[in-house]
Amino acid sequence: GACVIQNIGAYGSDVSETIVSIDFLEYPSGTRRTVMADELALGLRTSALKTGDLRGIVLGVTFSLEPVDQSRESSPLASEQLATALGLSLGDRAPIDVVRDTVLRVRASKGMVLSPHDPDSVSSGSFFLNPIVPERVAVSFSPEAPRWLIEPEPESVVVPLDGSDHPSPPPMAEGDVMVKLSAAWLIEYSGLHKGFSLPGSGAALSSKHALAIVNTGGATGEDVAELARYIITTVGNATGIYLVPEPNIVGLEI
2 GACVIQNIGA YGSDVSETIV SIDFLEYPSG TRRTVMADEL ALGLRTSALK TGDLRGIVLG
62 VTFSLEPVDQ SRESSPLASE QLATALGLSL GDRAPIDVVR DTVLRVRASK GMVLSPHDPD
122 SVSSGSFFLN PIVPERVAVS FSPEAPRWLI EPEPESVVVP LDGSDHPSPP PMAEGDVMVK
182 LSAAWLIEYS GLHKGFSLPG SGAALSSKHA LAIVNTGGAT GEDVAELARY IITTVGNATG
242 IYLVPEPNIV GLEI
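The sequence shown runs 2 to 255 under our numbering.
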């Protein structure tokens, strides 16, 4: 159920591409019904379930999957990072089993595959959304800063801090080019290294991936929230960009 709520995805694919419907228990009526994918407002790491427009419990998910021979070639590669790991270029294809194994290997290298042998895999996952900013903001960073040109998505824009508790997008020029920046890069650029933690806290940045907050032992929800607040403030002061948490936060202030 959580995969639908978050519309999880990586390396150019989202789970929304294969969802047909969900078996849903509405709150507070207790009515059980089928909700079709086009009713879920599935977007980049969001859905009507995450925003609260649909309230209830996901009891099951129906996917449309196509059984294929594992040696069959994949769709054209849409992720530069995955293509590089495969030794290929964007748009190339590779056997599906090879792509799967490579995705798991890359994710594991970032501590994103649960393993009893990897303390960094005990995490809240990628904690911040990659900010989407106008190109005029992106060009202020050094050339080595990862960036990806995208179509304008005003509802997803993360903007420079303006001193308010709830920053709002600035006016966009007509035809403004939007660019996605790497939240992990911005965190490290701001001086917060992998493995960073606050004194006495059980929460820390992953030693493998600066975007993940991990439990190093006995971390409380407030430990995680305190570290997240510190990261947001530090990155904001260093770059003028406000990082937005990816997970929904319940009962804590960030």
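Idealized CB from N, CA, C, for every residue including glycine.
Outcome for residue 82 when other beta-carbon atoms lying within 10 angstroms are tallied against a minimum of 16 = Flag for residue 82 reads exposed.
Notebook entry, point to check: Looking at the structure shown, is residue 156 part of a helix, part of a strand, or coil, going by DSSP?
Noted result: Summary for residue 156: the model assigns pLDDT 48, below 50, so the residue's position carries little reliability; its value from the coordinates is reported in the next sentence. Correct three-state label for residue 156: helix.
Checklist line | Alpha-carbon to alpha-carbon, residue 72 and residue 98 | finding: The straight-line gap separating the alpha-carbon atoms of residue 98 and residue 72 is approximately 6 Å.
Within 10 angstroms of its Cβ, does residue 204 collect 16 or more other Cβ (buried), or is it exposed?
-> So residue 204 ends up on the buried side.
Note to self: Just to confirm the assignment: which complete beta strand (DSSP E) runs, minimum length 3, are found wholly within the region 174-206?
What the structure shows: With a minimum length of 3 residues, the continuous beta strand (DSSP E) runs that stay inside the region 174-206 are 179-182 and 204-206.
* Looking only at C-alpha atoms, which of 15, 252 and 245 sits nearest to residue 129? -> Considering only alpha carbons, the answer is 245.
On the DSSP bridge list, what partners appear for residue 247? Partner(s): none; residue 247 has no beta bridge.
Where residue 50 and residue 25 are concerned, what is the direct C-alpha to C-alpha distance, given to the nearest angstrom?
Residue 50 and residue 25: Cα-Cα distance of roughly 10 Å.
For residue 150, which residues of its own chain have a beta-carbon under 7 Å away from its beta-carbon, when the five flanking residues on both sides are left out?
Its chain contains 178 and 180 as the residues whose beta carbon lies nearer than 7 Å to that of residue 150, once the 5 sequence neighbours on both sides are disregarded; these appear in chain order.
| Endpoints, beta strand (DSSP E) assigned at residue 308 | Missing from the structure shown is residue 308; the chain here goes from 2 to 255 and no further.
Which of helix, strand or coil DSSP assigns to residue 135 = Residue state, collapsed to three classes: strand.
To the nearest angstrom, report how far apart residue 53 and residue 75 are at their CA atoms.
Using only the alpha carbons, I get a separation of about 35 Å.
Once DSSP output is grouped into helix, strand and coil, what is the label at residue 219? Residue 219 sits in coil when the DSSP states are folded into three classes, being neither helix nor strand.
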